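Note sheet for the following structure.
In UniProt numbering, the protein residues as written are 1 to 133.
If you want it as structure tokens, here you go:
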């Protein structure tokens, strides 16, 4: 969950790889998964689809107990707002959701008015950005 991800846990990220265009996504879910490698596309075992993932630097150390690396994976479920705009998350967002525009390597991201499905902020209005209704 985004609130549980610390900057220290993602400090070895060097790149975020996006499998889909995120411009029109109000939010993506993020999690720290235990993966066998620092790089490459990880396996995906959730419902829905993987939107992106992080690559780690060679300095990232594996867990002593499991030999795995903690890497962020970004994903959406079938009932998320992008596929069901009037559904469960027509307003609000899941706990682990963040606005993809706030994400960067080693930056955990955060929720915005846009990701929460709420009224657009003053900055959004000034830029002419509108939320889907």
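Idealized CB from N, CA, C, for every residue including glycine. Predicted model, so just to flag it, every value in this text is computed and none were measured.
Between residue i and residue j, which are expected to be in contact by the criterion C-beta below 8 Å, what is the C-beta distance as a whole number of angstroms?
i: residue 90; j: residue 28; result: Contact flag wrong, Cβ pair sits at about 17 Å.
i: residue 56; j: residue 38; result: 4 Å
i: residue 15; j: residue 100; result: Their Cβ separation, rounded to whole angstroms, is 15 Å, which puts residue 15 and residue 100 out of contact at 8 Å.
Going straight from the alpha carbon of residue i to that of residue j, what length do you get?
i: residue 63; j: residue 30; result: 20 Å
i: residue 36; j: residue 87; result: 35 Å
i: residue 23; j: residue 102; result: 11 Å
i: residue 19; j: residue 74; result: 10 Å
i: residue 32; j: residue 78; result: 20 Å
i: residue 72; j: residue 51; result: 11 Å
i: residue 69; j: residue 17; result: 17 Å
i: residue 21; j: residue 34; result: 25 Å
i: residue 116; j: residue 80; result: 12 Å
i: residue 112; j: residue 66; result: 35 Å
Between which two residues does the alpha helix (DSSP H) containing residue i stretch?
i: residue 115; result: 113 to 116
Determine the extent of the beta strand (DSSP E) in which residue i is found, giving its start and end residues.
i: residue 88; result: Run containing residue 88: none; DSSP gives neither H nor E here.
i: residue 72; result: 69 to 76
Closest to residue i by CA distance: which of the options is it?
i: residue 48; options: 39, 84, 95; result: 84
i: residue 61; options: 82, 12, 75, 108; result: 12
i: residue 58; options: 50, 117, 113, 40; result: 40
i: residue 6; options: 117, 115, 109; result: 109
i: residue 95; options: 107, 104, 76, 15; result: 76
i: residue 114; options: 104, 107, 106, 92; result: 92
Quiz prompt | Uninterrupted alpha helix (DSSP H) stretches inside the region 17 to 51 (no shorter than 4 residues) | solution = none
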